[in-house]
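Student: Residue numbers for the sequence shown, in the working numbering: 9 to 473.
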Amino acid sequence: MCSREILDKRLRNRWTVFLTRLSARKSFEPDPVSTGVGIGAFLDTCDRCAFFGSFGMYQNTSIEILAGQRLFSPEELRSTTVPVAGQDLPVRADVIIVGGGIIGLSIAWRLALLGQKVVVIEKARIGSGASLAATGMLAAAAEYEAGGEILIAFALESQRRWETFATELEQGSGMDLDFDKSGTLLVSLTRDETAHLRSRFEMQAKAGLSVQWLSGEAVRELEGGLRPSVNAGIFCPLDFQIDPRLLIPALEKAARGAGVAIIEEASVDSLVMQAGAVDGIISGKRECRAPLVIVTTGADAGRRSFLPQSLKIPIRPLRGQSICLRIPERHPPLLQHVIWTEQVHMAQKSGGRLIVGATVEEAGFNPDVTVGGLFALLEASRRALPALEDIALEAVWSGFRPTSQDDAPILGASGVPGLLLAVGHHRNGILLAPSTADALVAYALGQDIPHSAEPLNLQRFGSAS
Ligand SMILES: Cc1cc2nc3c(=O)[nH]c(=O)nc-3n(C[C@H](O)[C@H](O)[C@H](O)COP(=O)(O)OP(=O)(O)OC[C@H]3O[C@@H](n4cnc5c(N)ncnc54)[C@H](O)[C@@H]3O)c2cc1C
């Protein structure tokens, strides 16, 4: 059994983790009992029961991490948007978009390029919902699962659209997006995992997805850093990745450049109604009139809000916790592809960052980063990639996936004239942004709706207003 003393001693040479209550974030007060208890040390623990025995009481306790002298919090990580001068809410627009995440920004940008006068209203900061919490995988094949039939055509369409979308966005913003076309590799480390992987492969192949089965040896040739016991793999050559921390500022800049008015720290409180149709929004004491309002409020879409009481949008938050590791400058990248195991995904970004994600938890709107969540991520990532042992932990965060009953988004008519929906993108909002923007442009301008978007309506849940 490993005692607390041994764990504490091991820790001092590694990360220092202070367990705090999230509510006490403003005044940083380490809990004296837990100070010095380190995740890195715990991962050395040979006796897992001892680990949980001594750590279990901290499950659901929030964590903030001190790396050296610097404190990184989810808020800090998310405040990476381009600083801009405040903007007044216009009194009139063609389209108002409520919510400044990847979905709202993408629709706004595309509509503005077509000459529409667009306003985006964001209650906090641009991207501060789920969008900046995302890893940035564009994984239509890797994430395909049983029940995914309703979404797959739309997801593949969006995957195909991504490269052009990224090129146009780079041109529109003048920013580099770090669009990485190396592909995604799903790997198994045990015989049981290989059996699961094989059934996943058969399901993917049956759905006509671009996937290749690889032996353990072939996987190791592609990714030499993986644990030598790696058993088999599936290569998804078209599952690219992008970095949300570059993408969101670029979208913000391109949208502003195309004429979109972006109003931050302004919550939409109610709708202006005129003869039974939506005719604008009210935010605090300010009002903006427009014949069309698009709801892109992510996980908040299912909450009681500015929307008509009769409109029920079946969306719930599904918490995801992630961590960011910092690869030292002298170190070559640890990974050439996005790596998936049954428990975890790992995505190398430019600038030496490696994102490990993500937990999937029914935790309501509780934003805590928990010991249980972090332990699961650290253990699973080190198990696949032993070289992580000495890599520094830079940041931890959580976000709320906006999730519908069938994990597919809800696009188009709300049943209330003048009110459109683009919500419920679950774990695929980054992947689905180009196709969602195309579909909502079509809905907004009265054009033909792309075929693949048609099934993704609110009516499928029988809950239109
Ligand atoms: C840990 C994690 C990892 C993920 N990884 C990936 C990935 O690799 N690939 C992928 O494709 N997807 C991924 N996702 C999913 C993706 O992040 C989401 O699907 C996507 O960000 C949803 O975008 P959105 O614009 O709909 O919502 P959000 O980004 O949440 O934006 C909604 C915005 O609306 C604002 N808002 C709400 N109410 C109001 C109001 N009344 N007035 C004004 N503003 C309001 C909120 O403040 C918020 O900023 C991940 C999600 C998580 C949590």
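All residues carry an ideal CB built from backbone N, CA and C; glycine is no exception. These numbers were taken from a predicted model, which means no experiment stands behind them.
What did DSSP end up calling I399 once you bin it into helix, strand or coil?
Tutor: Correct three-state label for I399: coil.
Student: Does ligand 1 have a heavy atom nearer than 7 Å to the CB of R294?
Tutor: Because no heavy atom of ligand 1 lies under 7 Å away, the Cβ of R294 does not count as near it: no.
Student: Tell me the start and end of each unbroken alpha helix (DSSP H) in the stretch 97-172 that is at least 4 residues and wholly inside, in chain order.
Tutor: You should have 110-121.
Student: Tell me which residue opens and which closes the beta strand (DSSP E) that P325 is part of.
Tutor: Element bounds for P325: R324 to R334.
Student: In the DSSP assignment, find the unbroken beta strand (DSSP E) run with L309 in it and report its ends.
Tutor: Position check: residue 309 holds Ala in this sequence, whereas Leu was assumed. Counting along the chain, A309 falls outside any beta strand (DSSP E), and DSSP gives it neither H nor E.
Student: Name the two residues that bound the continuous beta strand (DSSP E) containing F243.
Tutor: From DSSP, the beta strand (DSSP E) with F243 extends over A240 to C244.
Student: So is A298 buried or exposed if we call it buried at 16+ other beta carbons inside 10 Å?
Tutor: Buried.
Student: Would the beta-carbon of E130 be found less than 7 Å away from any heavy atom of ligand 1?
Tutor: Yes.
Student: Using a Cβ-Cβ cut-off of 8 Å (strictly less than) and excluding sequence neighbours within five positions of V280, which residues of its own chain qualify?
Tutor: Taken in chain order, the residues that qualify are V286, D287, G288, I289, I290, E295 and R297.
Student: Excluding the 5 residues preceding and the 5 following L464 in the sequence, name in chain order all residues of the same chain whose CB lies nearer than 6 Å to its CB.
Tutor: Excluding positions up to five away in sequence, the list reads A416, P417 and L419.
Student: Compute the minimum distance between the beta carbon of V126 and the heavy atoms of ligand 1, and state whether it is under 7 Å.
Tutor: Outside the cutoff, so no.
Student: On the CB-based measure, 16 or more other CB atoms within 10 Å of its CB, does H501 come out buried or exposed?
Tutor: The question about residue 501 has no answer, for the chain in this structure spans 9 to 473.
Student: Since Q282 is in the beta strand (DSSP E), which residue starts that stretch and which ends it?
Tutor: Unbroken beta strand (DSSP E) run through Q282: S278 to Q282.
Student: Taking the straight line between their C-alpha atoms, what separation do you get for T202 and N239?
Tutor: Cα to Cα, the separation comes out at about 7 Å.
Student: How is A461 classed by DSSP in three states: helix, strand or coil?
Tutor: Of the three classes helix, strand and coil, the one that applies to A461 here is helix, per DSSP.
Student: Which of helix, strand or coil does DSSP assign to T192?
Tutor: T192 falls in the strand class under three-state DSSP.
Student: Where does V45 fall in DSSP's three states?
Tutor: Low confidence applies to V45: its pLDDT is 31, below 50, so where it sits in the model is not reliable enough to give any reading.
Student: Could you check whether E231 and I347 sit closer than 8 Å to each other, using their CB atoms as the reference points?
Tutor: Yes; because the gap between Cβ atoms is below 8 Å, this pair is in contact.
Student: Please return the same chain residues whose Cβ sits closer than 8 Å to the Cβ of G191, not counting the five positions on each side in sequence.
Tutor: The residues are F243, C244, P245, L246, D247, F248, H345 and V346.
Student: Tell me whether the beta-carbon of R406 lies closer than 8 Å to the beta-carbon of R327.
Tutor: Going by the sequence as given, residue 406 is Ser instead of Arg. Yes; because the gap between Cβ atoms is below 8 Å, this pair is in contact.
Student: Quick check: what's the CA-CA separation for T69 versus V379?
Tutor: In this prediction, T69 has a pLDDT of 35, which is less than 50 and means its spatial position is unreliable; what the coordinates show is noted afterwards. Distance between the alpha carbons of T69 and V379 is about 6 Å.
Student: When you compare the stretch 449-457 with the stretch 169-184, are there three or more beta-carbon pairs, one atom per stretch, that lie closer than 8 Å?
Tutor: Too few Cβ pairs lie closer than 8 Å, so no.
Student: Check each candidate in G241, S330 and I250 and name the one with the smallest Cα separation from G437.
Tutor: Measuring from the Cα of G437, the nearest candidate turns out to be I250.
Student: Among S330, L427 and E176, whose alpha-carbon lies nearest the alpha-carbon of R6?
Tutor: The structure shown does not extend to residue 6, since the chain is modelled only from 9 through 473, so no value can be given for it.
Student: When the Cα of G109 is compared with those of I129, H459, R199 and A450, which residue comes out closest?
Tutor: Of the listed residues, the one whose Cα sits closest to G109 is I129.
Student: Out of G137, I104 and G135, which has the shortest C-alpha to C-alpha gap to A120?
Tutor: Checked all of G137, I104 and G135; the closest Cα to A120 is I104.
Student: Going by other Cβ atoms of all chains shown within 10 Å of its Cβ, with 16 needed for buried, is K189 buried or exposed?
Tutor: Result: exposed.
Student: Which residues in the same chain as E370 place their Cβ atom closer than 7 Å to its Cβ, once the five residues preceding and following it in sequence are excluded?
Tutor: These residues qualify, in order along the chain: L326.
Student: Report, in whole angstroms, the separation of the C-beta atoms of I256 and I134, which I expect to be a contact under 8 Å.
Tutor: The pair is a contact, with the Cβ atoms about 6 Å apart (cut-off 8 Å).
Student: Taking 7 Å as the line, does the beta carbon of H345 fall inside it for any heavy atom of ligand 1?
Tutor: No, ligand 1 has no heavy atom inside 7 Å of this Cβ.
Student: Return the Cβ separation of Q356 and P341 in integer angstroms, given the expectation that the two are a contact with Cβ distance under 8 Å.
Tutor: About 5 Å; that satisfies the 8 Å criterion.
Student: Could you give the distance in angstroms between the alpha-carbon of V126 and the alpha-carbon of L164?
Tutor: Cα to Cα, V126 sits roughly 28 Å from L164.
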